[in-house]
Amino acid sequence: MSRRQERIRVMELFYQMDMLDEFVISSETKETLNEYQKSVVDAFLTNREAINQSIVDVLRDWTLDRIGKTDLACIRLAVTEIKYLDDVPFKVAINEAVELAKVYGDDDSPKFINGLLKSFAE
18 MSRRQERIRV MELFYQMDML DEFVISSETK ETLNEYQKSV VDAFLTNREA
68 INQSIVDVLR DWTLDRIGKT DLACIRLAVT EIKYLDDVPF KVAINEAVEL
118 AKVYGDDDSP KFINGLLKSF AE
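For the sequence shown, the numbering used here begins at 18 and goes up steadily by one.
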């Protein structure tokens with residue numbers, strides 16, 4: 018499985034958690050994840066409030082509720098990688114989030130996510 022495929026699975030999990038408003042993961046689901054995926058999910062679940070606050074801090078006149086759930090999943094994935102995974106360079110995390118947004122988001126998603134994450138990384 019490529020790293021992009023691993024990220025897609027994590028993004029899908031973040032999306033599902035947000036849709037269900039249930040930020041937990043079942044042991045059955047966790048067993049299907051590889052080490053990278055587990056590390057991202059664990060870091061997100063442990064630091065969800067700080068991650069959300071980091072996103073809010075760079076939003077201009079927006080709240081998390083205004084961000085599409087797919088975009089938010091991409092952003093949360095990148096912020097988690099940047100803040101909590103030492104082996105992922107911030108430029109890679111941003112680029113991967115933008116690439117995911119090109120496939121899963123709407124037409125404005127890549128530009129929005131790129132700008133937000135660049136502001137976050139500064």
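Note that the Cβ used here is the ideal one computed from N, Cα and C, for glycine as well.
- In the three-state reduction of the DSSP assignment, residue 102 falls in the coil class.
- Here the C-alpha atom of residue 46 lies approximately 14 Å from the C-alpha atom of residue 23.
- Between residue 21 and residue 38, the alpha-carbon positions lie close to 25 Å from each other.
- In summary, residue 127 is buried, with 16 or more beta-carbon neighbours lying within 10 Å of its beta-carbon over all protein chains present.
- A straight line joining the alpha-carbon of residue 119 with that of residue 74 spans about 24 Å.
- In the DSSP assignment, residue 40 falls outside any alpha helix (DSSP H) and carries neither an H nor an E.
- Under the three-state reduction of DSSP output, residue 76 falls in the coil class, being neither helix nor strand.
- Rounded to the nearest whole angstrom, the C-alpha separation of residue 90 and residue 29 is 7 Å.
- The way I'd put it, the segment 108-119 does touch the segment 79-97; three or more beta-carbon pairs between them come closer than 8 Å.
- Counting of Cβ neighbours within 10 angstroms places residue 58 among the buried residues, the total reaching 16 or more.
- 100 is the residue among 105, 76, 100 and 104 whose C-alpha sits nearest the C-alpha of residue 63.
- In the DSSP assignment, residue 133 falls within the unbroken alpha helix (DSSP H) covering 126-138.
- One alpha carbon belongs to residue 70, the other to residue 124, and they sit about 26 Å apart.
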